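For reference, the structure discussed in these notes is given below.
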Amino acid sequence: MGMMAPITMSSSSFVQPFMNADYPRVSAYPPLTCLHILPRMSRVVRLIIPAGVAAVLAALAIFNLAQADRGIARLARDVDGVPMTLFLPADSTPHPQSARRPAVLVVHGFSGNRQLMYGFGYTLAKNGYVAALIDFAGHGASLDRLPDSSAGDAQYQKLAANIATARAHLRAQPFVDPERVAILGHSMGASAVSRYGSTHGDVPVTIALSLGNFGRQLPNDPSRPRNFLILVGANEFAGFIQGSTAGLTAAYPDGVPGVTYGSFADGTARRLIYAPGVEHISILFSHDVYREVVRWLDQAFAIGAPDRPVEADSRIGWVLLLYLAAAMGFRPLAALLLRDRAANATTARCAASGRFVILSALVAAVVAPVVLQFGDVLYRWMPLTVGNYVGIYFLIYGLIVGGAYLALQRRQAPAAQPAAAEQGEPAAPASLGVVNAASSDFALKPALATLALTAYALVTFGLTAHLTWTNFALVGDRAWIAGALFACCFVFFLADEWMVARASRRARAGLYALTKLIVIISLIASVGLFGAPGFLLLLAPVIAVLFLWHGLYSHWLFGMARQPWIAAILNAAVLAWVIAATFAVVQY
329 MGMMAPITMS SSSFVQPFMN ADYPRVSAYP PLTCLHILPR MSRVVRLIIP AGVAAVLAAL
389 AIFNLAQADR GIARLARDVD GVPMTLFLPA DSTPHPQSAR RPAVLVVHGF SGNRQLMYGF
449 GYTLAKNGYV AALIDFAGHG ASLDRLPDSS AGDAQYQKLA ANIATARAHL RAQPFVDPER
509 VAILGHSMGA SAVSRYGSTH GDVPVTIALS LGNFGRQLPN DPSRPRNFLI LVGANEFAGF
569 IQGSTAGLTA AYPDGVPGVT YGSFADGTAR RLIYAPGVEH ISILFSHDVY REVVRWLDQA
629 FAIGAPDRPV EADSRIGWVL LLYLAAAMGF RPLAALLLRD RAANATTARC AASGRFVILS
689 ALVAAVVAPV VLQFGDVLYR WMPLTVGNYV GIYFLIYGLI VGGAYLALQR RQAPAAQPAA
749 AEQGEPAAPA SLGVVNAASS DFALKPALAT LALTAYALVT FGLTAHLTWT NFALVGDRAW
809 IAGALFACCF VFFLADEWMV ARASRRARAG LYALTKLIVI ISLIASVGLF GAPGFLLLLA
869 PVIAVLFLWH GLYSHWLFGM ARQPWIAAIL NAAVLAWVIA ATFAVVQY
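In this text, residue positions in the sequence shown follow the working numbering: the first is 329, and each later residue adds one.
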C-alpha cells in the first residue's frame with residue numbers, strides 16, 4: 329500500500345470557493361444590512377421627534393386656551409344684521425336671581441373685527457362685567473357694506489346705527505343693568521364711540537383706545553362724553569398720540585397723562601394714559617390696558633375696592649405657542665409628502681444673478697404704486713378697501729418681475745440648450761426655470777402634496793385665528809374677492825420664487841429677504857409719494873411678520889422639492905385668505 333500524498337492548501341485556495349457567485353457574500357449578511365437601514369431609521373427619527381414635540385406643544389396650548397373659558401359663557405347672535413358675541417360671567421343667566429350686571433359694548437377699529445377685541449371680552453367677563461362685541465358693517469361676519477370714507481358723513485352714520493342697535497339689544501338683556509352700559513372702541517371705533525358718547529348723554533362711560541384726529545373735534549364740555557378714559561400706545565404714530573392728547577385737553581387744557589380730572593359723580597371724569605411698550609395693534613393685547621379699563625369702570629360704577637386684583641386675559645401667549653407648534657409640525661409633514669422629490673429633480677442653471685433680481689424688484693416696487701396712483705379704476709372694482717390696493721400692487725409687481733425673468737430665460741435658452749445636451753443633461757423648461765421631471769408621476773404627487781400642505785397651513789393658521797384673535801371666515805363678497813386676490817398673490821409669489829431660486833440656500837434666503845424688504849419699503853413710501861392708503865403704515869409690521877412666515881415655509885418647500893410653484897400656491901392661498909377676511913367690504 330503506497331503512502332497517501334500530503335494534503336496542501338493555500339490560503340487563496342481555501343477562500344476561493346467562498347468567493348464564487350454560488351455563495352453569499354459577507355456584505356449580504358444581516359449585520360451589515362442593518363447599516364443600510366440606519367439612514368432610513370435616522371430619517372424617520374428626524375420626522376418623528378419634531379412632529380412629537382409639535383403635538384405636545386399644540387396639546388399644551390389648546391388645553392390652556394380651553395381653560396380661559398372656565399367661568400365664562402359666550403353667546404353668539406345676530407342683532408338686526410349686526411353680528412354680536414356676548415361674554416358674561418357663567419353665573420349670569422337669562423333669568424338671574426341676583427342683581428343685574430354692568431355691561432360694556434366693545435367695538436373694533438378699521439379692518440378689525442369682534443375676535444380682535446376678544447381680550448377685552450375675556451377680561452371684562454372675568455371681572456364681573458358683561459361684554460358685547462360686534463362686527464361693524466363691512467367687517468368680520470357682517471353682510472352689510474360700509475360706506476366709503478369719501479361719502480362724507482355716511483360712514484359715521486352707519487357706524488352710529490350699528491352702535492345704537494347693539495346698545496339697545498344689550499340694555500334689553502335681563503342680566504344687564506340698562507343704566508350701566510359703557511361703550512369702548514379702538515381706532516376708528518374710538519372715534520365712533522367718542523362722537524356717539526358726545527351726543528348721547530345717557531351713555532355713562534366712554535373709553536377710547538388709539539383715538540385719532542377726532543380727539544381735536546371733541547367739545548370743550550368735560551361731560552361730553554361722560555367719564556371719558558383715553559388710552560394710546562406710547563409707541564404709536566404721532567397722529568394718534570396727538571389726537572388722544574387733544575381729547576384730554578379739549579376739556580382740561582392743562583391736563584397731563586396719568587392724572588384723573590373731574591368727578592365721576594357728575595360725569596366729568598377724564599383721564600389720558602400712555603400705555604407703555606405698545607403700538608396701534610399690540611395695545612389690544614396689553615395687560616396694562618386691560619387693568620386701566622377695569623379700574624376705570626369700577627370707579628365709574630362704584631364696584632369693588634379701588635385696588636382689587638384685575639384678572640387680565642393672557643391667551644395670546646398660548647396662541648403664539650400654538651402657531652409655533654404648527655410651524656414645527658409643517659416641516660416633517662412636508663418632508664413626508666415630498667420625500668425624494670429634490671433627489672429626483674435637477675436644478676437648472678440659475679438664470680438671474682443677484683444683481684438682476686434686486687434691480688427687477690426695485691423697478692417693480694417703483695412702477696406698481698405709480699401705476700396705481702393714476703389708475704385707481706384698476707383696483708376699485710374689488711370692494712375691499714386697502715386690500716384691493718395691496719392685491720393689485722402684488723399683481724403688477726409680479727407681472728413686472730416675472731416678465732423680466734421670462735425674458736432673461738428666453739435670451740439664455742439658445743445657449744443653455746446646446747450646453748445641456750453636450751453634458752448629457754436634460755434641459756430645464758424656460759417657463760419653470762428650475763426643475764425637470766424624473767418620472768411620469770412627478771407632477772401629480774407634488775400637486776397632491778401641495779393641496780395637503782396648503783390645507784394644513786390654512787387650518788392651522790386660519791382656524792386658530794378665527795377661534796382666538798381675528799376673523800378668518802369668508803362671508804358674502806369676501807369669497808369671490810379671495811379668489812381674485814389668490815390670482816394676484818400667486819403671480820407675485822411665483823415670480824419671486826422664480827427669481828430667487830438657486831442651489832445655495834443661504835443665497836436664496838438672502839435674496840428672498842431683500843425682495844420682501846423692498847416691497848415693504850415701497851408700500852410705506854407709496855403712502856407719502858403716490859397717495860396710497862395711509863392704513864398701510866399701520867399694516868407694515870403685520871406684513872413683515874407674514875413675509876417672515878411665508879419665507880420659512882418657502883425655504884423648507886424649495887429645499888425639499890425644488891418646485892417654485894409649491895410655495896407660491898401655498899403662500900398665495902394663505903395671504904389672499906388673510907386679506908379677504910380682514911379688510912372692510914365697502915360701498916364705493
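Quick reminder that beta carbons are idealized off the backbone N, C-alpha and C, glycines included.
In this text the structure is predicted, and so the values were computed from the model without any measurement.
CB contact flag (residue i, residue j, <8 angstroms)
i: V855; j: L865; result: yes
i: Y881; j: F556; result: no
i: R473; j: G480; result: no
i: T493; j: G449; result: no
i: W826; j: P892; result: yes
i: N490; j: I462; result: yes
i: I724; j: V699; result: yes
i: P550; j: A579; result: yes
i: L625; j: P417; result: no
i: R405; j: F415; result: no
i: C817; j: A904; result: yes
i: A653; j: A394; result: no
i: V521; j: V435; result: yes
i: G605; j: A562; result: yes
i: L512; j: V621; result: yes
i: S519; j: I611; result: no
i: A389; j: L650; result: yes
i: I809; j: M710; result: yes
i: R428; j: D505; result: yes
i: H497; j: V407; result: yes
i: H883; j: R830; result: no
i: M656; j: A837; result: no
i: G590; j: A597; result: yes
i: L885; j: A895; result: yes
Per DSSP, the bridge partner or partners of residue i
i: T588; result: R599
i: I400; result: P417
i: G561; result: A603
i: R429; result: V504
i: D406; result: P411
i: L690; result: DSSP output for L690 lists no bridge partner at all.
i: L474; result: V914
i: L712; result: V913
i: I462; result: M412
i: V698; result: Paired residues: none, contrary to the question.
i: V435; result: G513
Anticipated Cβ contact below 8 angstroms, residue i with residue j, distance rounded
i: G726; j: L822; result: 7 angstroms
i: P532; j: A628; result: 6 angstroms
i: L664; j: L781; result: Not quite, the Cβ-Cβ distance comes to about 10 angstroms (not below 8 angstroms), so this is no contact.
i: R544; j: G571; result: 6 angstroms
i: V509; j: R499; result: 5 angstroms
i: A689; j: V729; result: 6 angstroms
i: Y707; j: I720; result: 4 angstroms
i: V902; j: A785; result: 5 angstroms
i: A841; j: G879; result: 7 angstroms
i: A453; j: V803; result: With a Cβ gap of about 26 angstroms, A453 and V803 do not count as contacting.
i: G575; j: I558; result: 5 angstroms
i: V714; j: F911; result: 5 angstroms
i: V913; j: D805; result: 5 angstroms
Nearest to residue i (by Cα), restricted to the options the options
i: A603; options: T596, A904, W709, F613; result: F613
i: T527; options: A518, P547, V509; result: P547
i: I907; options: A783, I390, L712, D616; result: L712
i: S681; options: K486, N541, A835, G715; result: A835
i: Q485; options: F503, F464, D505, P502; result: F464
i: V847; options: T577, F820, H615; result: F820
i: L375; options: G731, L661, G586, H615; result: L661
i: F568; options: S591, L842, G862; result: G862
i: G859; options: Q701, G838, A895, R806; result: Q701
i: W877; options: Q737, A735, L648; result: L648
i: V870; options: V787, K844, Q483, N716; result: K844
i: F722; options: A771, V685, A815; result: A815
i: A400; options: Y717, G456, L813; result: This sequence places Ile at residue 400; Ala is not what is there. Nearest C-alpha to I400: G456.
i: R947; options: P634, S439, V638; result: This structure gives no information on residue 947, because the portion of the chain shown stretches from 329 to 916.
i: L687; options: T788, E564, V828; result: V828
heavy atom of the ligand MG below 7 angstroms from residue i C-beta
i: T843; result: Among the ligands in the structure shown, none appear at all, so the ligand MG cannot be discussed.
Report the residue ranges of all alpha helix (DSSP H) runs contained in full by the segment 806-841; include only those spanning at least 4 residues, in chain order.
-> As far as the segment 806-841 is concerned, its whole alpha helix (DSSP H) runs of at least 4 residues are 806-828.
Quick one: complete alpha helix (DSSP H) runs, 4+ long, within the segment 483-555?
-> Qualifying alpha helix (DSSP H) stretches, in chain order: 516-527.
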